[in-house]
Amino acid sequence: MKSVIIGTAGHIDHGKTSLIKALNGFEGDSLKEEQERQITINLSFSNLKLKDKNISFIDVPGHKDLVKTMVSGAFGFSVCLFVVDINEGLKEQSLEHLEILKILDIKNIILVLSKCDLCENIEQKSVEILEELKNLDYPILKVFHTSIKNNQGIEELKNYLYTIENKENDEELIFHYYIDRVFSLKGIGTVVTGSLNEGSITLNEKIICLDTQKELIVKNIQNHDTNLEQIKACNRVALSLNCDYKELKKGYLLSKKGYFKAFKECDALVKAKNLQNSKMIFCVGSRQIECKINILKKLENDEFFVHFSFDKNVFLSFDEAF
2 MKSVIIGTAG
12 HIDHGKTSLI
22 KALNGFEGDS
32 LKEEQERQIT
42 INLSFSNLKL
52 KDKNISFIDV
62 PGHKDLVKTM
72 VSGAFGFSVC
82 LFVVDINEGL
92 KEQSLEHLEI
102 LKILDIKNII
112 LVLSKCDLCE
122 NIEQKSVEIL
132 EELKNLDYPI
142 LKVFHTSIKN
152 NQGIEELKNY
162 LYTIENKEND
172 EELIFHYYID
182 RVFSLKGIGT
192 VVTGSLNEGS
202 ITLNEKIICL
212 DTQKELIVKN
222 IQNHDTNLEQ
232 IKACNRVALS
242 LNCDYKELKK
252 GYLLSKKGYF
262 KAFKECDALV
272 KAKNLQNSKM
282 IFCVGSRQIE
292 CKINILKKLE
302 NDEFFVHFSF
312 DKNVFLSFDE
322 AF
């Protein structure tokens, strides 16, 4: 079955979680605090099967204080549903999320204009939002006008999502899997979940946790509650592993032995405005680690050649987004 991972982005209360519910019936805000505050706090994961395609959804929070959570989810996106309340237009977190998508090189962005049932001048508002995005140099793949009150645009959006294809070479790359959740289930044992963006994994295959250097065996593979013998890139994946769940953490990287080396320093080309020598949080996959950044040379077009020093070992590949 073909598959694709699609995430949400956008300002708080612009309708990201409601859009996912309209598409597949999944109620993302399951925590008591989320329901009481009526905001998304954690990442939520669901899916939609259309004909011969399985679409995995990652819904992210839009609150400004939860941007690091949004980043950890966005690393798994192949495509993004960028949700904007047509009545409010682009807001602070709309622009911040767009900048994150740009940094992570997520180019397949679908603009979903929400709450259209409340808008008196849809055409004018749409033109204004699209013009602003054009001026900010954010290319949009497709635009949909939606409303969860009357299901406007929902079926059209579903049909379009069915046509989206992944990059052909993702499955041929080395298995590269960041853990975003780890827990223990009675009768099953240790389970981890994550977005598989590169490579494939097979039942009973040996892998390694790079952070602990411990070899592991894949006891079971699941994709949205379906047991599988093998799974390839562009899927949400749960793995049952032969270790204690306390040995693993969010942000740990699973891969094949012999492909990645640990290091605590690296040089990189960074594009940023007003960059200074400082301490910061370095985000890659679901991993977030403290680092020091030293500017080696300022280049043109807001580009810098920099040196990173990390508190702990990291495992990076060439041209990996961070």
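The sequence shown lines up with residues 2 to 323 when you count with the working numbering.
Virtual Cβ for every residue (Gly too), placed ideally from N, Cα, C.
Status (buried if at least 16 other CB within 10 Å, exposed otherwise) for residue i
| i | result |
| --- | --- |
| Gln1 | Only positions 2 to 323 of the chain appear in this structure, which leaves residue 1 out of reach. |
| Met71 | buried |
| Ser185 | exposed |
| Ile101 | buried |
| Val128 | exposed |
| Ile111 | buried |
| Pro62 | buried |
| Ile130 | buried |
| Lys299 | exposed |
| Asp55 | Reading off the sequence shown, one finds Asn at residue 55, where the question assumed Asp. Buried, since its Cβ has 16 or more Cβ neighbours within 10 Å. |
| Asn167 | buried |
| Gln94 | buried |
| Ser4 | buried |
| Phe319 | exposed |
| Asn205 | exposed |
| Ser310 | exposed |
| Ile189 | exposed |
| Lys207 | exposed |
| Asp181 | buried |
| Thr191 | buried |
| Leu249 | buried |
| Leu134 | buried |
For residue i, the three-state DSSP class (helix, strand or coil)
| i | result |
| --- | --- |
| Arg38 | Caution applies to Arg38, whose pLDDT of 44 falls short of 50 and renders its modelled position unreliable; the model cannot decide the point. |
| Glu28 | coil |
| Met281 | strand |
| Leu102 | helix |
| Glu321 | coil |
| Asn49 | Residue identity differs from the one stated: residue 49 is Leu in this sequence, not Asn. In this structure, Leu49 counts as strand in the three-state DSSP scheme. |
| Glu266 | strand |
| Glu372 | Outside the shown range of the chain, which is 2 to 323, sits residue 372, and nothing can be said about it. |
| Gly286 | coil |
| Gly74 | helix |
| Ala23 | helix |
| Ser95 | helix |
| Lys187 | coil |
| Val61 | coil |
| Lys108 | coil |
| Leu67 | helix |
| Lys257 | coil |
| Lys33 | With a pLDDT of 45 at Lys33, under the threshold of 50, the modelled position of that residue is not reliable, and no figure is offered here. |
| Lys313 | strand |
| Lys17 | helix |
| Gly8 | strand |
| Asn55 | strand |
| Leu82 | strand |
Nonlocal neighbours in the same chain, by C-beta distance under 7 Å from residue i, ignoring five residues either side
| i | result |
| --- | --- |
| Leu317 | Cys267 and Val285 |
| Lys272 | Asp303 and Glu304 |
| Ile175 | Glu199, Gly200, Ser256, Lys257 and Tyr260 |
| Phe323 | Phe283, Cys284 and Val285 |
| Glu321 | Val285 |
| His98 | Ala10, Gly11 and Met71 |
| Ile123 | Ile87, Cys117 and His146 |
| Leu270 | Glu304 and Phe306 |
| Gly74 | Gly8, Leu44, Ile59 and Val61 |
| Glu291 | Lys280, Ile282 and Asp312 |
Cβ shell of residue i (< 8 Å), same chain only, five flanking positions each side left out
| i | result |
| --- | --- |
| Ala263 | Leu211, Asn314, Val315 and Phe316 |
| Lys69 | Ile282, Cys284 and Gln289 |
| Gln153 | Cys117, Asp118, His146 and Thr147 |
| Glu230 | Thr203, Leu204 and Ile222 |
Same chain only: Cβ atoms within 6 Å of residue i, ignoring 5 sequence neighbours per side
| i | result |
| --- | --- |
| Gly252 | Ser287 and Arg288 |
| Lys280 | Lys293 |
| Tyr178 | Gly195, Leu197 and Leu255 |
| His308 | Asp268, Asn295 and Leu297 |
| Phe76 | Gly286 |
| Ser148 | Cys117 and Asp118 |
| Gly16 | Val84 and Ser115 |
| Tyr139 | Leu99 |
| Val144 | Leu112 |
| Ile107 | Phe78 and Cys81 |
Test: residue i CB closer than 8 Å to a CB of chain B
| i | result |
| --- | --- |
| Gln125 | Among the chains of the structure shown, chain B does not appear; only one protein chain is present. |
Original post:
Taking the runs of the alpha helix (DSSP H) that are 4 residues or longer, which of them lie wholly in the region 114-184?
Top reply: 123-136 and 155-163
Original post:
Just checking, does the region 19-29 make contact with the region 44-59 on the three C-beta pairs under 8 Å criterion?
Top reply: yes
Subject >> Sequence ranges, beta strand (DSSP E) only - wholly within the region 191-254, length at least 3 >> reply: 201-203, 207-210, 215-224, 227-229, 231-233 and 236-242
Original post:
Okay, do the region 115-122 and the region 80-93 touch, 3+ Cβ pairs below 8 Å being the bar?
Top reply: yes
Original post:
Should the region 156-165 be called in touch with the region 180-194, which here means at least 3 C-beta pairs below 8 Å?
Top reply: no
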